[in-house]
Amino acid sequence: MGERDPVAAARTVADGVFPAAVEPGVGIGWRPEIDLTVERLPGVDFVEVVAENIDPARLPESLRVLRARGVPVIPHGVGLGIGGAEHPDPRRLARLADCARALEAPLVSEHLAFVRAGGMEAGHLLPVPRTRAALAVVAENVRRAQEALPVPLALENVAALFGWPEDEMTEAAFLGELVEMTGVGLLVDVANLYTNQVNLGLSATAALDGLPLSELAYAHVAGGHSRGGLWHDTHTAHVPEEVLDILAELCARVDPPGVLLEWDDDYPSDGALERELGRIRGAMSGV
């Protein structure tokens, strides 16, 4: 593991290794509640599974079926806490690595987020203070993760309900420097860009202009709900047109290797999910 060059491995994502099926591809988040739906949905080029929700030694039958068909499956972590002051837990990293091997995954993705400190869980994916000091800490955490993982790592931008007053950089600038320092890939969640635009007044278009999109591994889209003037990225509703417009802006700048629909609860019919994937394809093609 120590002989692997994480920067070179991360570059292979942007060079077109992902996904292994159709490029550009459209995918959906695999969840136990819709496992059979995901199996029978036409035109699913790849899927993503929350790494903490599976046992790599006992993969669900549905995931084994998808892998047997040649559908790439990406483990997506939510609890590594790579944005914290403490180094990533070696046990969590080992589990992510086991998931990647069991799924023969092309890469692993996680969030650029703060989730715990001193053994206390935040219970949310909190934004990282975008300071030079924080950047140095996060870069070291990324390097440790890259050395522990058998495949490239991609980091996702998070949705935020607040910003840190000591921020010295935009999120795009922070991610850009992190990519330059570590070679980590990007998972651009356009729904999160929309959330930050509504809640914090941060232009999604400006973020796209500032991100190093040459290192894009894939993208996320999802729906949510507005409450009390705030947008909540709940992954429980149809993707709003505003999010698809941001996806179209992304696709005007780069051909994303994959775009994935996240839906985590209040699942609609198979037909409704199929139509959502069609809407994503339309946004990708400019229709």
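Convert by adding 55 to the 1-based position in the sequence shown; the result is the number in the numbering used here.
A virtual CB, placed ideally from N, CA and C, is assigned to each residue, including glycine.
Within 8 Å, strictly: CB atoms of residue i and residue j
i, j, result
"LEU135", "LEU167", "no"
"VAL343", "VAL239", "The structure shown does not extend to residue 343, since the chain is modelled only from 56 through 342, so no value can be given for it."
"VAL102", "ILE83", "yes"
"HIS142", "ARG199", "yes"
"GLY231", "GLY265", "yes"
"ASP100", "VAL81", "yes"
"ARG185", "MET236", "no"
"GLY138", "VAL183", "yes"
"LEU332", "LEU96", "yes"
Neighbourhood of residue i by C-beta distance below 7 Å, restricted to the same chain and skipping five residues each side
i, result
"ALA262", "GLU226, ALA227, LEU248"
"ASP288", "ALA214, ALA246, ASN247, THR250, ALA277, GLY279"
"ILE89", "TYR322"
"HIS131", "GLU103, VAL104, VAL105, ALA106, SER164"
"ALA155", "PRO130, VAL163, LEU204, PRO205, VAL206"
"LEU255", "ALA215, GLY218"
"ARG308", "LEU263, LEU268"
"ALA292", "GLY278, GLY279, HIS280"
Three-state secondary structure (DSSP) of residue i
i, result
"VAL245", "helix"
"VAL163", "strand"
"ALA215", "coil"
"SER258", "coil"
"GLY326", "helix"
"ILE89", "helix"
Other residues of its chain near residue i: CB distance less than 6 Å, five sequence neighbours each side excluded
i, result
"ASN108", "none"
"ARG334", "none"
"PRO267", "GLY231, VAL234"
"PHE169", "GLY138, GLY139, LEU181, VAL183"
"GLY98", "none"
CB-CB length for residue i against residue j, believed under 8 Å
i, j, result
"PRO111", "LEU162", "PRO111 to LEU162, Cβ: 16 Å. No contact."
"LEU241", "GLU270", "5 Å"
"GLU317", "HIS290", "5 Å"
"VAL243", "TRP286", "Not quite, the Cβ-Cβ distance comes to about 17 Å (not below 8 Å), so this is no contact."
"LEU190", "PHE229", "6 Å"
Cut-off 8 Å between Cβ atoms - residues of its own chain near residue i, not counting five sequence neighbours on either side
i, result
"THR260", "ILE301, GLU304"
"TRP85", "VAL93, VAL102, GLU103, VAL104, SER117, LEU118, LEU121, VAL128"
"MET339", "PRO79, VAL81, LEU302, ALA303, CYS306, PRO311, VAL314"
"PRO145", "ALA203"
"ASP153", "PRO111, ALA112"
"ALA160", "PRO127, VAL128, ILE129, PRO130, CYS154, VAL206"
"ASP325", "THR92, ARG95, LEU96"
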